[in-house]
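Report on the following structure.
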Amino acid sequence: IPMVLINPNSGPGVNADSNYVKLVNANTNAGFKNIAYIKTVYGSRSLDEVKADIDTYFRLYGKKNIHGFFFDEVGTQTNHQISYMAEIYNHVKSISPQMVVMANPGWHIPDAISPYADIFVTSEMSANDYINQYQAPASAFEKSTANSNHIMHMVYGADSGQYDKILQLSRERNAGWIFI
């Protein structure tokens, strides 16, 4: 398990959660990277609020314990949404180039946004839809096998009998990361 997503309160919350303090310390000591959840509301949330959430995670849980950020509800279709994600990415990398930036649009991305996250969640769907109704990506970024380590698929509602099929399909679909 290389990374663990932490989400104390649909973001960092106002005060440290003692259970999360223990968790992030234990994760760090075990060698796991704590990736902190932040929502973007498809580029409509203020960048100042997003940056404040980054600072709040560091203040509440310790900069040494936060190894990156999972930006949820990422918009990818408009120039505004792409420049919004570019600003977030550059802000995080200015704090530490080693920080992981994960972006979750939950759907395929255009090539224009591909430089602005280390890992993109390009598929977030039910197991049934993933197995039976998946649509292939159009972007050169997603199609290139050289980028598989930058692509994650999230599949929910799976039963254990579907795991092998989902894993097989994720490999065929160029996802270097899978979350079932």
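Going left to right, the sequence shown walks through residues -10 to 169 as this note's numbering numbers them. Cβ atoms here follow ideal geometry from the backbone N, Cα and C, with glycine treated the same way. These figures come from a predicted structure and were not determined experimentally.
Quiz prompt | Span separating the alpha-carbon of residue 96 from that of residue 17 | solution = Taking the straight line joining both Cα atoms gives about 30 Å.
Self-check item: For residue 22 and residue 57, believed in contact at Cβ under 8 Å, the rounded distance
Solution: At roughly 6 Å, the Cβ-Cβ gap stays under 8 Å, so residue 57 and residue 22 are in contact.
Quiz item: For the putative contact between residue -4 and residue 26, defined by C-beta atoms under 8 Å, what is the C-beta separation to the nearest angstrom?
Solution: 4 Å
Quiz prompt | Option in 49, 33, 24 and 110 with minimal Cα separation from residue -9 | solution = 24
Practice problem: Report the rounded CA-to-CA distance for residue 148 versus residue 167, giving the unit in angstroms. | Solution: 15 Å
Exercise. Report yes or no: do the segment 110 to 118 and the segment 143 to 162 share at least 3 C-beta pairs separated by less than 8 Å?
Key: yes
Exercise. Rounded to whole angstroms, what's the CA-CA distance from residue 133 to residue 4? Just pull it up for me.
Key: 43 Å
Exercise. Classify residue 115 as helix, strand or coil using the three-state DSSP reduction.
Key: strand
Practice problem: For residue 29, count neighbouring C-beta atoms within 10 Å of its own C-beta (all shown protein chains included) and say buried if the count is 16 or more, exposed if not. | Solution: buried
Quiz item: Which one or two residues does DSSP pair with residue 92 in a beta bridge?
Solution: 60 and 109
Quiz item: Cβ atoms of residue 162 and residue 123: under 8 Å apart, would you say?
Solution: Their beta carbons are under 8 Å apart, which means residue 123 touches residue 162 by this criterion.
Quiz item: Taking the alpha-carbon positions, what's the residue 104 to residue 126 distance?
Solution: 17 Å
Quiz item: Nearest to residue 1 by CA position, among 72, 55, 20 and 19, is which residue?
Solution: 55
Quiz item: What are the boundary residues of the beta strand (DSSP E) that includes residue 24?
Solution: 22 to 28
Practice problem: Could you tell me if residue 69 is buried or exposed, where buried requires 16 or more neighbouring beta carbons within 10 angstroms of its beta carbon? | Solution: exposed
Quiz item: Rounded C-beta distance between residue 108 and residue 128? I'm assuming under 8 Å.
Solution: Not really, about 15 Å apart at Cβ, beyond 8 Å.
Quiz prompt | CA-to-CA distance, residue 158 to residue 118, given in whole angstroms | solution = Rounded to whole angstroms, residue 118 to residue 158 spans 12 Å at the Cα level.
Quiz item: Would a C-beta distance cut-off of 8 Å place residue 88 and residue 106 closer than the cut-off?
Solution: no
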